[in-house]
């Protein structure tokens with residue numbers, strides 16, 4: 001785990017819109033359950049460029065993204081970075097295979113904006129899913145959705161041309177070109193940065209005309 | 001769902017080594033539980049080249065592969081096929097997103113060898129997971145492994161050169177080049193069939209010499 005600026009119990013006056021929205025509204029937790037859940041999480045702030053996780057680390061807990069943005073990447077044999085995912089608000093961060101198996105992971109996770117995260121350890125999370133069954137059920141559904149999202153990413157990489165991949169990403173994440181560096185988006189999409197820039201300019205030009 | 005040659009309750013004399021191995025040994029089901037599980041499955045035989053599932057179909061159940069081999073593929077905008085997975089013995093088959101959501105799927109599943117499958121409908125499977133908790137727990141773990149396998153496929157497609165991808169597949173599935181057509185393996189690996197053939201010949205030559 002990288003360094004972090006603060007690690008404190010959550011004060012009641014902290015703005016945590018995503019987290020509260022998720023647990024109170026989506027999961028419909030009652031006051032006592034919500035307070036129990038909240039009590040197991042710890043707020044952590046990471047500065048832009050900090051590494052939350054390095055390849056070879058074991059993920060002993062996971063982070064909920066309350067605000068900010070991250071990139072998860074792996075290295076190939078030659079040491080070149082390949083971006084797998086971006087993490088935005090309401091996303092969970094870990095190398096989830098490492099989290100499940102307890103073995104060292106393959107992924108790096110780096111802050112590309114200042115982050116406000118809520119951290120929970122694996123044993124604490126497990127205890128919560130026993131105490132709050134709605135949380136367990138919700139995570140099972142989420143797990144399945146994550147599998148489908150991965151299959152979709154695979155289909156995208158295999159079947160879509162650069163234009164289609166850019167269009168799909170821009171539709172799913174309209175603000176991504178304002179928040180993330182072009183070379184990271186290019187790596188995520190498997191497109192050369194020069195081509196991404198050129199194609200995007202052409203696409204924006206077409207939209208302005210039409 | 002495509003056509004199938006037979007659909008009957010499982011006779012007790014049927015050879016079903018993989019299925020029995022999985023449920024009796026791996027899951028450790030007792031006699032009564034195993035018989036309950038078995039009673040909900042139906043044997044189906046599909047001839048080589050038959051389609052089990054077409055894009056647009058809803059997966060209302062899933063198949064366990066007792067013997068044989070399948071390919072799952074999607075079409076791009078131009079109608080070109082892209083192989084996502086192969087299904088071998090001990091594999092489960094469905095478009096799992098369609099299975100979960102009840103919406104039409106994207107994947108085609110085709111027999112590339114004669115198949116002996118065990119089919120179970122979604123409501124029957126759900127009922128079984130309630131009656132046999134070990135089955136539920138086992139499927140949760142399996143779901144997570146499936147997610148990690150998908151992340152691995154994504155990493156492979158993004159970071160590995162053709163030689164590394166071929167080597168990885170040959171190590172994981174030594175018999176695949178005997179069972180599956182070269183153009184399907186090429187599509188799965190995202191390598192041109194001509195290049196796959198050339199690289200593989202060179203790799204086999206090197207192994208013979210060393």
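Residue numbers (this note's numbering), protein chains in the order written: chain A, 1 to 210; chain B, 1 to 210. Note that CB positions come from ideal geometry on N, CA and C, so glycine has one too.
* **Backbone CA spacing between residue 79 of chain A and residue 109 of chain A [nearest angstrom]** => Going by the C-alpha atoms only, they are around 16 Å apart.
* Burial state of residue 107 of chain A (16 or more Cβ within 10 Å) -> Burial call: buried.
* To do: Rounded to whole angstroms, what's the CA-CA distance from residue 144 of chain A to residue 206 of chain B? Just pull it up for me.
  => Residue 144 of chain A and residue 206 of chain B: Cα-Cα distance of roughly 42 Å.
* Asked: Are any of the Cβ atoms in chain B nearer than 8 Å to that of residue 142 of chain A?
  -> Chain B has no Cβ within less than 8 Å of the Cβ of residue 142 of chain A.
* Asked: Which residues, in order along the segment 142-171 of chain A, keep a beta-carbon less than 9 Å from a beta-carbon of chain B?
  -> Within the segment 142-171 of chain A, the qualifying residues are 143, 144, 145, 146, 147, 148, 149, 150, 151, 152, 153, 154, 155, 157, 158, 159, 160, 161, 164.
* Asked: Candidates A/90, A/163, A/32, A/53: which alpha carbon is nearest residue 72 of chain A's?
  -> When each option's Cα is compared against that of residue 72 of chain A, the closest is A/53.
* Look at the Cβ atom of residue 63 of chain A, then the Cβ atom of residue 29 of chain A, and state whether they are nearer than 8 Å. => No, the pair does not count as a contact, with Cβ atoms beyond the cut-off.
* Would residue 11 of chain A be called buried (16 or more neighbouring beta carbons within 10 Å of its own) or exposed? -> The predicted position of residue 11 of chain A is uncertain, since its pLDDT is 48 and thus under 50; a value taken from the coordinates is nonetheless stated next. Residue 11 of chain A is exposed by the Cβ-count criterion.
* With a CB to CB cut of under 8 Å and the five nearest residues on each side skipped, what residues in its chain are close to residue 103 of chain B? -> Closer than 8 Å at Cβ, skipping near neighbours: 58, 97.
* Check the C-beta distance from residue 121 of chain B over to residue 70 of chain B and give it rounded, since I have them as a contact under 8 Å. => Incorrect: roughly 19 Å between the Cβ atoms, too far for contact.
* Distance between beta carbons of residue 27 of chain A and residue 172 of chain A, contact taken as under 8 Å -> With a Cβ gap of about 23 Å, residue 172 of chain A and residue 27 of chain A do not count as contacting.
* Please say whether residue 195 of chain A and residue 182 of chain A have beta carbons closer to each other than 8 Å? => Between residue 182 of chain A and residue 195 of chain A, the C-beta spacing is not below 8 Å.
* With a floor of 4 residues, list each alpha helix (DSSP H) that falls wholly inside the segment 55-128 of chain B, ordered by position along the chain. => Taken in chain order, the unbroken stretches of alpha helix (DSSP H) that lie wholly in the segment 55-128 of chain B and span 4 residues or more are 96-101.
* Asked: Taking the alpha-carbon positions, what's the residue 185 of chain A to residue 158 of chain B distance?
  -> About 14 Å.
* Determine the direct distance from the alpha carbon of residue 25 of chain B to that of residue 180 of chain B, and round the result to whole angstroms. => Computed Cα separation, rounded: 29 Å.
* residue 141 of chain B - DSSP class collapsed to helix/strand/coil -> For residue 141 of chain B, the three-state secondary structure derived from DSSP is helix.
* **residue 41 of chain A in three-state terms, based on DSSP** => Residue 41 of chain A falls in the coil class under three-state DSSP.
* Would you kindly work out how many angstroms separate the C-alpha atoms of residue 20 of chain B and residue 148 of chain B, rounded to a whole number? => Whole-angstrom Cα-Cα distance: 26 Å.
* Asked: Does any CB atom of chain A fall closer than 8 Å to the CB of residue 96 of chain B?
  -> Interface residue, yes.
* Asked: If you drop the 5 nearest sequence neighbours on each side, which residues of the same chain put their C-beta closer than 6 Å to that of residue 55 of chain A?
  -> Cβ neighbours of residue 55 of chain A beyond the five flanking positions: 106, 108.
* **Spatial distance of residue 190 of chain B from residue 32 of chain A (CA atoms)** => Spanning the two alpha carbons is a distance of roughly 52 Å.
* **Contact residues within the segment 55-88 of chain A, judged by C-beta distance below 7 Å to chain B** => Within the segment 55-88 of chain A, the qualifying residues are 74, 76, 82, 84.
* **Buried or exposed by the 16-neighbour rule on C-beta atoms within 10 Å, applied to residue 130 of chain A** => By the neighbour-count rule (16 or more Cβ atoms within 10 Å), residue 130 of chain A is not buried but exposed.
* Asked: In its own chain, which residues sit with a C-beta less than 8 Å from the C-beta of residue 169 of chain B, not counting the 5 before and 5 after it?
  -> Result list for residue 169 of chain B: 176, 185, 188, 189, in chain order.
* **residue 36 of chain B, DSSP secondary structure in three states** => Residue 36 of chain B: helix per DSSP, three-state reduction.
* **CA-to-CA distance, residue 43 of chain B to residue 193 of chain B, given in whole angstroms** => Near 35 Å, if we compare the C-alpha coordinates of residue 43 of chain B and residue 193 of chain B.
* To do: Taking only beta carbons into account, state which residues of the segment 117-133 of chain B come closer than 8 Å to chain A, listed in chain order.
  => Cβ contacts with chain A: none found.
* **Span separating the alpha-carbon of residue 220 of chain A from that of residue 153 of chain B** => Lying outside 1 to 210, the shown extent of chain A, residue 220 of chain A is not represented and no answer is given.
* Per DSSP, which residues does residue 53 of chain A bridge with? Please list them. => Answer by DSSP bridge pairing, in chain order: A/109.
* Asked: Are the CB atoms of residue 81 of chain B and residue 140 of chain A nearer to each other than 8 Å?
  -> Cβ distance not < 8 Å, so residue 81 of chain B and residue 140 of chain A don't count as in contact.
* To do: List the DSSP bridge partners of residue 211 of chain B.
  => Lying outside 1 to 210, the shown extent of chain B, residue 211 of chain B is not represented and no answer is given.
* May I ask you to list, following chain order, the residues of the segment 190-209 of chain B that have a beta carbon less than 7 Å from some beta carbon of chain A? => Against chain A - using a Cβ distance shorter than 7 Å - the residues of the segment 190-209 of chain B are 190.
* Collapsed DSSP secondary structure at residue 198 of chain B in the structure displayed -> Reduced to three states, the DSSP call for residue 198 of chain B is helix.
* Since residue 192 of chain B is in the alpha helix (DSSP H), which residue starts that stretch and which ends it? -> Taken as a continuous stretch (DSSP letters only), residue 192 of chain B belongs to no alpha helix (DSSP H), as it is neither H nor E.
* To do: For residue 35 of chain A, count neighbouring C-beta atoms within 10 Å of its own C-beta (all shown protein chains included) and say buried if the count is 16 or more, exposed if not.
  => So residue 35 of chain A counts as exposed.
* Taking 8 Å as the CB-CB limit, is residue 4 of chain B close to chain A? -> Low confidence applies here, because residue 4 of chain B scores a pLDDT of 39, under 50, leaving its location unreliable; read the following figure in that light. Residue contact with chain A for residue 4 of chain B: absent (no Cβ-Cβ distance below 8 Å to any residue of chain A).
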